[in-house]
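What the sequence shown shows, in mature numbering (1 follows the signal peptide of the UniProt record, and there is no 0), is residues -31 to -1, 1 to 160, in sequence order.
C-beta: ideal position from N, C-alpha, C; glycine also.
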Amino acid sequence: MKHVKKTSRTRVLTGGAVVAALALGGFGAYSASATGENTAAAPAAVVAAKADAKNKNTTRTTHLTVEAATKAAQATLDAAEKENQRVSVAVVDRNGNTIVTLRGDGAGPQSYESAVKKAFTAVSWNAPTSELAKRLAQAPNLKDIPGTLFLAGGAPVTAKGAPIAGIGVAGAPSGDLDEKFAQAGVASLGK
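The following block contains the structure:
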């Protein structure tokens, strides 16, 4: 095999030709892609949307809006303030993620975390936490589930019978009062 000595000029010209070829090839692919997107993408998106609507492997869930969660939290806090109670309020979504919290003037430092846990507990079991606290006699290990608090003061928010949020209240002198205020928040969503 015969070796040909390449000069630096030959290398530069060869390299430049390769870069130009790649650039033109990329431009051609981009142009073809852009043209294809403009003409075929819309029908493909419609077909994909129809397929998703009929997909038996997915579900749809209902969630409170931030506006609705804030309205419920404020109604809860207002109900407590009417009775001169200093509480914290938490509203969580179906997955237990906090949507909004309000800490009333003078609420104790422990009330914030307790309100979140009560809301989480209520939505997790779709039941008021006062009812769940009664279940501890038959299943004492329930209290060991992380993030839960089995004290009265949490109320689930439902839509079509399914839990979509939880409202938790803490800070009043009794769990019964906390739960009464949480129920006022739930009731405000029906108005």
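- The segment 94 to 108 and the segment 75 to 83 do not touch, with fewer than three beta-carbon pairs separated by less than 8 Å.
- In the DSSP annotation of this structure, Val56 is not part of any beta strand (DSSP E), being labelled neither H nor E.
- Leu118 and Lys87 have their C-alpha atoms spaced approximately 5 Å apart.
- Taken in chain order, the whole beta strand (DSSP E) runs of length 3 or more contained in the segment 34 to 98 are 57 to 62, 67 to 72.
- Counting along the chain, Gly116 sits inside no alpha helix (DSSP H), nor does DSSP assign it H or E at all.
- Per DSSP, Gly123 is one residue of the beta strand (DSSP E) stretching across 123 to 128.
- No Cβ-Cβ contact shorter than 8 Å links Glu148 with Gly116.
- Between Val92 and Ala134, the C-beta gap is smaller than 8 Å, which places the two residues in contact.
- In the same chain as Asn95, and ignoring 5 residues on each side of it, the C-beta atoms closer than 6 Å to its own belong to Pro125, Pro132, in chain order.
- Non-local C-beta neighbours of Val35 in its own chain, meaning closer than 8 Å and more than five positions away in sequence, comprise Ile68, Val69, ordered along the chain.
- The straight-line gap separating the alpha-carbon atoms of Ala139 and Asn24 is approximately 42 Å.
- Setting aside the 5 residues that flank it on each side, Ala49 is surrounded in the same chain by Val56, Phe150, each with a C-beta closer than 6 Å to its C-beta; the list follows chain order.
- Gly137: member of the beta strand (DSSP E) spanning 131 to 139, first to last residue.
- Residue burial annotation: Ile114 is exposed, with fewer than 16 other C-beta atoms found within 10 angstroms of its C-beta.
- Counting along the chain, the unbroken alpha helix (DSSP H) around Ala153 starts and ends at 144 to 157.
- Excluding residues up to 5 positions away in sequence, Thr30, His32, Val92, Pro132, Ile133, Ala134 lie with their Cβ nearer than 7 Å to the Cβ of Arg63 in the same chain.
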